[in-house]
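Chains as they are written, first to last, in this note's numbering: chain A, 1 to 290; chain B, 291 to 580; chain C, 581 to 870. The structure appears right after this line, and notes come after that.
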Amino acid sequence: MSRMAIRYTPEDCARLLEAVRTRQPLIQCLTNAVVTNFTANVLLAVGAAPAMVDIPGEAAEFAPVASGVLVNLGTPAASQRTAMLEAAGAARAAGTPWVLDPVAVGALSVRTAAAQELAGMGPAIIRGNASEILALAGSGAGGRGVDATDSPAAAAGAARQLAGDTGAAVAVSGARDLVFGPGGLRTCLGIDNGDVLLTRVTGGGCALGAVMAAFSAVTSDAVLAAAAATGTYTVAAERAARLASGPGSFAPAFLDELASVTPADIAASLRLAALDPDGLEQAPQPEAAR
Amino acid sequence: MSRMAIRYTPEDCARLLEAVRTRQPLIQCLTNAVVTNFTANVLLAVGAAPAMVDIPGEAAEFAPVASGVLVNLGTPAASQRTAMLEAAGAARAAGTPWVLDPVAVGALSVRTAAAQELAGMGPAIIRGNASEILALAGSGAGGRGVDATDSPAAAAGAARQLAGDTGAAVAVSGARDLVFGPGGLRTCLGIDNGDVLLTRVTGGGCALGAVMAAFSAVTSDAVLAAAAATGTYTVAAERAARLASGPGSFAPAFLDELASVTPADIAASLRLAALDPDGLEQAPQPEAAR
Amino acid sequence: MSRMAIRYTPEDCARLLEAVRTRQPLIQCLTNAVVTNFTANVLLAVGAAPAMVDIPGEAAEFAPVASGVLVNLGTPAASQRTAMLEAAGAARAAGTPWVLDPVAVGALSVRTAAAQELAGMGPAIIRGNASEILALAGSGAGGRGVDATDSPAAAAGAARQLAGDTGAAVAVSGARDLVFGPGGLRTCLGIDNGDVLLTRVTGGGCALGAVMAAFSAVTSDAVLAAAAATGTYTVAAERAARLASGPGSFAPAFLDELASVTPADIAASLRLAALDPDGLEQAPQPEAAR
């Protein structure tokens, strides 16, 4: 008899947003040059405090002080890669939860090597699109730059393998976002919120990784942290999309909604489903409904 | 008898926008730290896909995969300069069109040396303001930081010489934007759209270079690519300026308009003129009409 | 008998904004990767011209040409630290006023060493939050990342000591912003404008440092420059807050207001007070009124 998966509800996610707002976790970000500003503003909006400490000599000093750490491989210059290894090592040693986002891994050699090393250093959550998760698990060639060329369901097997190998919760973004539990747990959650405008703003996925780090700072359950972060983020995106005239006006509206969305809004609007991980690769994706 | 210049129409430019929207070219950007986010959002809005791959060891790997490449010298740190040479060399070898933007060249020695080396590596388009084009052609001292201190017409001779020397189309931004054909062609196009608010947002010129790379990915005619990119960009700017209360609200409105402007809008609104390049330096500039 | 402090009025600050608009000072920024874009847009909005020249070999070339320089230690990578020393040295030699912003100094060793060296190189203004000023003066452990954990009044003694030691005006940001005069002058100004939304946008403090550099370019009185920059900035923030629905819509509204606020608006709205520096550490702070 296999172990039972834990049940998660929208109310659990709502409570976690409440905890982020109350505790204002300090999130160290080592992220790419394109999205630093948007990421910091997303963290501030959701109620966390950003600190972009990403140079060698300081990255390891800060990780034990931080409440959570994001390591995002979007523009991994040599000195930043050194700082990433410092931060991940210090975070693991101090028990600070950290999130790995292996941006565009697979096709590009420098970041692929870095991502493989970092994946073995105890991240709480690994977050990527389907192509990135397939590539990091060794099952694919990677996507088209930052764009996925595979569906989240197609990455289910790779995500489960990666979760088992690393002990991390694995979050796969897409029209339906998926979160896979680590280790022997057969947890697989689907989140059916969001809006396509989130894919028309650079850093939409990258900043979600930072929000996952913020939520992982207020719970020891990395699956719940990934799901609640995704739920808060995508519910806010839905609300912003109703106010936007395009991708330009969407971005400020999204920050406004991240700041104003309440735990009660999350409990009422989050479409969270427990899924059978074995059935995913066969099942049709509900993308037409988006 | 000299060769006849090709005729270009607003409808040609409109068709090129249609092609960008359909083919969604993947544009590798090696650009300055100030404008990475805005540049990526501009590319997404116009219908292209950005990929900011700018580190040594990856820049050359990606250029053959990319549909177009932008090399912008705004903040040319040492490792990025190495990556720029890698990317330009790999792009030339693979036949990927690439755009050179020699930001603030002339007064600053490091970037001036880099720009001169890069200009000899086969860019499809060189884009700059009048002072930058004069400086790169060896005829001026450069502008005031990123600001031009010369008029586009004053740079006509330098632009034609630079086009002849490098084989690139040369685009000179200003109140009237100019595009000069390479080689023996005596093409000179003027585009009389745009709004002064575009100069009040940082990266207004830099992101146009990225859009030129996107348009050069869908045609082998670099003059048409530069003109159609400029036309799409400046028509969108005009439309956004009508909705804006200042430079802050202009930026999101501009992204919205880049995403929503149609090829038919371009065909209807683009003020494109074939000019006599010999007459430019004598002719009065229509700046008062702006 | 001690020297009398100079009297400053809102009208003095208004005239300085007028001078910035007229003279459009060129401001060289060596600042952190998170806020480069916002900082450049703030400078453009207020009427100055940004130039992000921050690489070794160019930083010293540009500082004598610039009207003012900002050195902000938010993400001090090794090559940027080299460029900062170059720029500060060249600025001092050329008489170009420069502003030091010792972001998150205290807890982080690399930037703390850099800040101490730079503080001895003749900055016109040192700007920080209370925790940063305490740490730079050697009286505190620094804040929580970029967040102050001390009140401006608590830093009054440290600010006066730092002003005396360095010859710089020292600006301490907070609910009530404070500016301390250098040397033997007992000047202490309080500015009671602003809005809490300014703390919900990343770079709110960092971009103010750039604006101080712009104002210091049009007067030799660093106290007046710091006060007028703070006043213009916080009055614009108040006006923007009335139009905003949250931190996302605040940012573009703030840029619009920076561009449209008039010297007459500053003269009418600025709440500027001459304070007794000895009384500050005992006095209750007027934070409840904000």
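No residue lacks a Cβ here, since even glycine has one placed at the ideal position from N, Cα and C.
Beta-carbon proximity check, residue i vs residue j, cutoff 9 Å
i	j	result
B/Asn362	B/Val325	yes
B/Thr321	B/Pro346	no
C/Arg691	C/Pro682	yes
C/Thr779	C/Met792	no
A/Val69	A/Ile27	yes
C/Val685	C/Leu716	yes
C/Asp772	C/Ala853	yes
B/Leu498	B/Ser463	yes
A/Thr188	A/Pro64	It should be noted that the sequence gives Cys, not Thr, for residue 188 of chain A. Going by C-beta atoms, A/Cys188 is not nearer than 9 Å to A/Pro64.
C/Arg672	C/Met701	yes
C/Gly669	C/Ala687	no
C/Asp775	C/Ala831	no
C/Asp634	C/Cys593	no
B/Ala453	B/Gly480	no
B/Ala461	B/Asp467	yes
B/Ser369	B/Ala504	no
B/Ala534	A/Gly246	no
A/Ala33	C/Ala694	no
A/Gly183	A/Gly203	no
C/Ser829	A/Leu16	no
C/Asn617	A/Asn37	yes
B/Ala330	B/Pro315	no
B/Ala301	B/Ala557	Correcting the residue type first, residue 301 of chain B is Glu in the shown sequence and not Ala. Yes; because the gap between Cβ atoms is below 9 Å, this pair is in contact.
The beta strand (DSSP E) enclosing residue i, as first and last residue numbers
i	result
A/Arg127	Ile125 to Asn129
B/Asp391	Trp388 to Asp391
B/Gly480	Cys478 to Ile481
C/Val600	Looking at the DSSP string, C/Val600 is not in any beta strand (DSSP E); the run it does join, the alpha helix (DSSP H), is Pro590 to Arg603.
C/Gly648	Gly648 to Asn652
Residue burial classification, residue i (beta-carbon count within 10 angstroms, cutoff 16)
i	result
A/Ser109	exposed
C/Thr589	exposed
A/Glu257	buried
A/Gln116	exposed
A/Ser131	buried
C/Ala790	buried
B/Thr552	exposed
A/Arg242	exposed
A/Ala288	Low per-residue confidence applies at A/Ala288: pLDDT is 37, beneath 50, and the placement is therefore not dependable, though the value from the model is reported in the following sentence. That one is exposed.
A/Pro286	In this prediction, A/Pro286 has a pLDDT of 45, which is less than 50 and means its spatial position is unreliable; what the coordinates show is noted afterwards. Result: exposed.
A/Gly279	exposed
A/Ile6	exposed
C/Ser796	buried
C/Ala739	buried
A/Ala155	buried
A/Ser220	exposed
C/Gly718	exposed
C/Met581	Only weak support is given to the placement of C/Met581: the predicted model assigns it a pLDDT of 37, under 50, and the value that follows is read from those uncertain coordinates. When all chains shown are included, C/Met581 counts as exposed.
Limits of the unbroken alpha helix (DSSP H) element including residue i
i	result
A/Asn37	Thr36 to Val46
B/Ile556	Pro553 to Ser559
C/Val690	Ser689 to Ala699
C/Leu742	Ala736 to Thr746
C/Pro630	Counting along the chain, C/Pro630 falls outside any alpha helix (DSSP H), though it belongs to the beta strand (DSSP E) covering Ala629 to Ala631.
C/Ala853	Segment Leu852 to Ala854 is the beta strand (DSSP E) holding C/Ala853; no alpha helix (DSSP H) there.
B/Ser506	Gly494 to Ser506
C/Ala805	Ala802 to Leu823
A/Ser249	Pro247 to Ser260
Pull out every residue of the segment 605 to 623 of chain C whose Cβ sits closer than 7 Å to any Cβ of chain B, in chain order.
-> Leu606, Ala613, Thr616, Asn617, Ala620 and Asn621
Output, in sequence order along the chain, the residues in the segment 68 to 83 of chain A whose CB is closer than 8 Å to any CB in chain B.
-> Gly74, Thr75, Pro76, Ala77 and Ala78
Stretch pair the segment 380 to 388 of chain B + the segment 364 to 371 of chain B: three plus CB contacts closer than 8 Å | no
Name the residues in the segment 832 to 863 of chain C whose C-beta lies less than 9 Å from a C-beta of chain B; which are they?
-> Pro832, Ala833, Phe834, Leu835, Asp836, Glu837, Leu838, Ala839 and Ser840
Answer yes if the segment 336 to 351 of chain B comes into contact with the segment 307 to 321 of chain B, meaning at least three C-beta pairs across the two stretches below 8 Å, and no otherwise.
-> yes
The segment 804 to 824 of chain C contacting the segment 229 to 248 of chain A, beta-carbon criterion three pairs below 8 Å | no
Given a limit of 9 Å on CB to CB distance, which residues of the segment 763 to 791 of chain C reach chain A?
-> Thr779, Arg780, Val781, Thr782 and Gly783
Proximal residues, the segment 689 to 702 of chain C versus chain A, C-beta separation under 8 Å = Ser689, Val690 and Arg691
Got a sec: which bits of the segment 223 to 254 of chain A sit with their beta carbon under 7 Å from any beta carbon on chain B, in order along the chain?
-> Ser245, Gly246, Pro247, Gly248, Ser249, Ala251 and Pro252
Near-chain C residues of the segment 377 to 401 of chain B - C-beta to any C-beta below 9 Å | Ala394, Ala397, Leu398, Ser399, Val400 and Arg401
Closer than 8 Å, Cβ to any Cβ of chain B: which residues of the segment 623 to 635 of chain C, in chain order?
-> Leu624, Ala625, Ala629, Pro630, Ala631, Met632, Val633, Asp634 and Ile635
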